[in-house]
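When the letters of the sequence shown are read in order and numbered with this note's numbering, they come out as residues -6 to 592.
Yeah, the Cβ is synthetic: ideal placement off N, Cα and C, and Gly gets one too.
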Amino acid sequence: MKDIRNFSIIAHIDHGKSTLADRLIMKTGGCDTRNYKDQMLDNMDIERERGITIKSQAITLPYKAKDGKTYSLNLIDTPGHVDFSYEVSRSLASCEGVLLLIDAAQGVQAQTLANLYLAMEHNLEVIPVINKIDLPSADIERVIEQIDSELGLDPDTHLRCSAKEGTGIEDILEAVVERIPPPTGDPDARLAALIFDAHYDAYRGTVINCRVFDGTVKAGDSIRFMFNGSVYRVEEVGHFGLSRQKRDELSAGEVGYVIAGVKTVSSVSIGDTITNNDRPVDNPLPGFKEAKPVVFASIYPIASDDYEDLAEAMEKYKLNDAAFIYEKDSSVALGQGFRCGFLGLLHLDIVQERLEREYDLNIILSVPSVRYRFTLKGGEVIYVDNPAHYPGPMAIDKGEEPYIRASMMMPDRYLGAVMTLCIEKRGVNSNMHYPGPGRVELTYEMPLSEVIFDFYDRFKSVTQGYGSFDYELIDYRESNLVLLDILVNGEKVDALSQIVHRDRARARGVQACDRLREEIPRQMYKIAIQGAIGGEIISRSTISPFRKDVTAKCYGGDITRKRKLLEKQKEGKKRMKMVGSVSIPQSAFLAVLKSDTNS
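So, in structure tokens, the structure goes:
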């Protein structure tokens, strides 16, 4: 056990975690040059296309240190985006230390601080590493100062490297061996292993990723999941390489996988404890905090026949993404579906794309919303995350919406533009702090509903990509909330209903109507698209009809002939409108979700 090191790489987005992981794998011989590709641990197509890490990935690397001993290094590469910070917290539960990566040009950013606090909560050894020292804009002295003043770490302990060019990698490996403590635990004690991730393999069933804290697990053992008491026989255990590497056993301190013929996905829950069925431990290991979703949306299959496939895909997907929650839902316009909770809009985007790609589904998403709190006239308090459950204005005594504390770091030249954006989004109680020359940290309290709509995209635009953004939920505050309905041809489209602040209702309604007008195909009759609050119409767009030129055959002659033909056509259009129903394409639903960044 004293030759094992479990560590993780944490950092802000784009500070070079995956590139450093690639270099460590190459340096320790975990991959040969022929099979090398960038972002080796990012094994999903979507991660490579977007250049971001979505899932934490583990790999075991053999390393021969300068003292002549060979160590087994269990490396976990983590995501940097705030929507996936739950992945990071789960990974840290399996480690004894972390490499905290800081970009030499950008310095300490919002997620650098957030991830450092996560590591400190787990009492982990933190090794600060300054990456990208080869950049012409690298300012190493300023970053060393920030390590001291903002992170509160000893600046003398920092390491320097360039993951892109491969310099300083040897020093990092030596520091991991010397500074990160070996795991503690007793291989002869009763088995206690923590499940920190899992995924579904079509041929082997559920593959469980776990960290063994005490005891030993090997093929043939009878294991029990403590959460639901189900018992399985272990078929195979092993370590993570670039592919699974079979081993005879996993003992205390090791990170690896267990395959035990788990056919039903619902049997496994992330954060559960695995123990031996014959010699169980008395108490389970402390699991993970429940992820609290902040953004809600409904997912429906485009064809109602695909509902069963969607239900099965959701169950398998949930296994691989513990922060994703869902429950059954139904809509008048779209039929049976699921109401889902996400950690943010990027999380929502990724879930939609992975369901479509990995499970070959065609799905529609409803407008995202947050969880509102309403106090009714009778004193009852209800939480509403679905506009379909809005209690009605006469029953409500007061409505409240969740507020967040947003902290934004950026070069001070963007301060004015960002403050204007925050005020536009109903931000209050601003606070400013200058962590270093030329950089400012701005804190605002603002409604979460304004942030999920389009805030992040516009923030990135006004700061030209140099700003970083992090937030935490603080409380609920009273707000004047109304239900905005969208009517197409006089029929309510419940999937497009939104709960909004009254001051924002008209702007939101106008935007939704304009977007739908562009997306809904023209018909033979006029289509009215309206935004309404109760019985009051607050916005309208009209899709003009196709018109056949019925007067083409009239050349010359009396005007009344033409007028008669046009009146006849008008009557026909009116009849068509009575019986015609407008089908709304999926692109129209998505267009309403996307905000107009020029507005």
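Checklist entry - In the structure shown, what three-state DSSP assignment does Gln99 receive? => result coil
Next on the checklist: Check whether the segment 398 to 417 and the segment 473 to 486 are in contact - that is, three or more C-beta pairs closer than 8 Å.
Outcome noted: no
Checklist entry - How long is the line joining the alpha carbons of His5 and Arg83, rounded to whole angstroms? => result 17 Å
Checklist entry - Excluding sequence positions up to five away, which residues of its chain have a Cβ less than 7 Å from the Cβ of Ser65? => result Asp(-4), Ile(-3), Thr53, Pro55
Item to check | Host alpha helix (DSSP H) of Gly231 (start-end) | outcome: Note, Gly231: premise wrong, no alpha helix (DSSP H); beta strand (DSSP E) at 229 to 233.
Next on the checklist: On a Cα-Cα basis, can you pick out the residue from Asn269, Ser244, Ile18, Glu242 that is closest to Leu224?
Outcome noted: Note that residue 224 corresponds to Val in the displayed sequence, not to Leu. Checking every option, the nearest Cα to that of Val224 belongs to Asn269.
Next on the checklist: If you follow the beta strand (DSSP E) that Val251 is in, where does it begin and where does it stop?
Outcome noted: 248 to 252
Next on the checklist: Under DSSP, the alpha helix (DSSP H) around Gly524 begins and ends at which residues?
Outcome noted: Where Gly524 is concerned, there is no enclosing alpha helix (DSSP H), although the beta strand (DSSP E) it sits in stretches over 520 to 526.
Item to check | Ala593 in three-state terms, based on DSSP | outcome: Residue 593 falls outside the range modelled here, since the chain spans only -6 to 592, and no answer is possible.
Item to check | Meets three-Cβ-pair contact criterion under 8 Å: the segment 385 to 394 and the segment 357 to 366 | outcome: yes
Checklist entry - What does DSSP give as the partner residues of Asn(-1) in its beta bridges? => result Asn67
Item to check | Limits of the alpha helix (DSSP H) - the one that Asn313 falls within | outcome: 300 to 313
Checklist entry - Over what stretch of residues does the beta strand (DSSP E) that includes Ser239 continue unbroken? => result In the sequence as presented, Ser is not what sits at residue 239; that position holds Lys. It spans 237 to 240 - the beta strand (DSSP E) in which Lys239 sits, taken as one unbroken run.
Next on the checklist: Using 8 Å for Cβ pairs, my map puts Arg217 next to Pro273. What's the rounded Cβ distance?
Outcome noted: 6 Å
Item to check | Residues of its chain near Glu229, where Cβ-Cβ distance is below 7 Å and the 5 sequence neighbours each way are ignored | outcome: Ala212, Lys239, Ile252
Item to check | Sub-8 Å separation of Leu94 and Leu13 beta-carbons | outcome: yes
Next on the checklist: I'd like to know if the segment 417 to 426 and the segment 453 to 462 are in contact, where contact means that at least 3 CB-CB pairs between them fall below 8 Å.
Outcome noted: no
Checklist entry - Pairing CB atoms from the segment 425 to 433 with CB atoms from the segment 306 to 326, are three or more of them under 8 Å? => result no
Item to check | Three-state secondary structure assigned by DSSP to Gly502 | outcome: helix
Checklist entry - Just checking my contact of Asp302 with Leu354 at CB under 8 Å: how many whole Å lie between their CB atoms? => result 6 Å
Item to check | Endpoints, the alpha helix (DSSP H) within which Cys415 is located | outcome: 408 to 417
Checklist entry - Around the C-beta of Arg515, are 16 or more other C-beta atoms found within 10 angstroms, so that it is buried, or is it exposed? => result exposed
Item to check | Per-residue burial, Ser236 [other beta carbons within 10 Å of its own, 16 or more giving buried] | outcome: exposed
Next on the checklist: By the three-class DSSP mapping on this structure, what secondary structure does Ala51 have?
Outcome noted: strand
Next on the checklist: Using a 10 Å radius around the Cβ and a threshold of 16 neighbouring Cβ atoms, would you call Gly524 buried or exposed?
Outcome noted: buried
Checklist entry - Near Ile445, what residues of its chain come up, given a Cβ to Cβ distance below 7 Å and the 5 sequence neighbours on each side ignored? => result Val288, Leu338, Pro361, Val363
Checklist entry - Shortest alpha-carbon distance to Thr535 belongs to which of Gln50, Asp342, Ala521, Lys485? => result Ala521
Next on the checklist: Considering only DSSP beta bridges, list what Gln139 is partnered with.
Outcome noted: None; Gln139 has no bridge partner.
Item to check | Option nearest Gly385 by Cα separation, candidates Gly527, Ile356, Gly100 | outcome: Gly527
Next on the checklist: Closest to His382 by C-alpha separation, out of Thr436, Val475, Pro294, Gln345, would be which residue?
Outcome noted: Val475
Next on the checklist: Let's see if you can read the secondary structure: which residues bound the alpha helix (DSSP H) around Tyr449?
Outcome noted: 449 to 455
Item to check | Whole-number beta carbon distance between Ser291 and Gln329, since they are thought to touch under 8 Å | outcome: So it is not a contact: roughly 10 Å between Cβ atoms.
Checklist entry - What is the residue span of the alpha helix (DSSP H) that Arg432 lies within? => result Counting along the chain, Arg432 falls outside any alpha helix (DSSP H), though it belongs to the beta strand (DSSP E) covering 432 to 440.
Checklist entry - Taking DSSP as the reference, what is the three-state secondary structure of Met401? => result strand
Item to check | Asp190 - containing beta strand (DSSP E), residue span | outcome: 185 to 194
Item to check | His494: first and last residue of the uninterrupted beta strand (DSSP E) it sits in | outcome: 491 to 494
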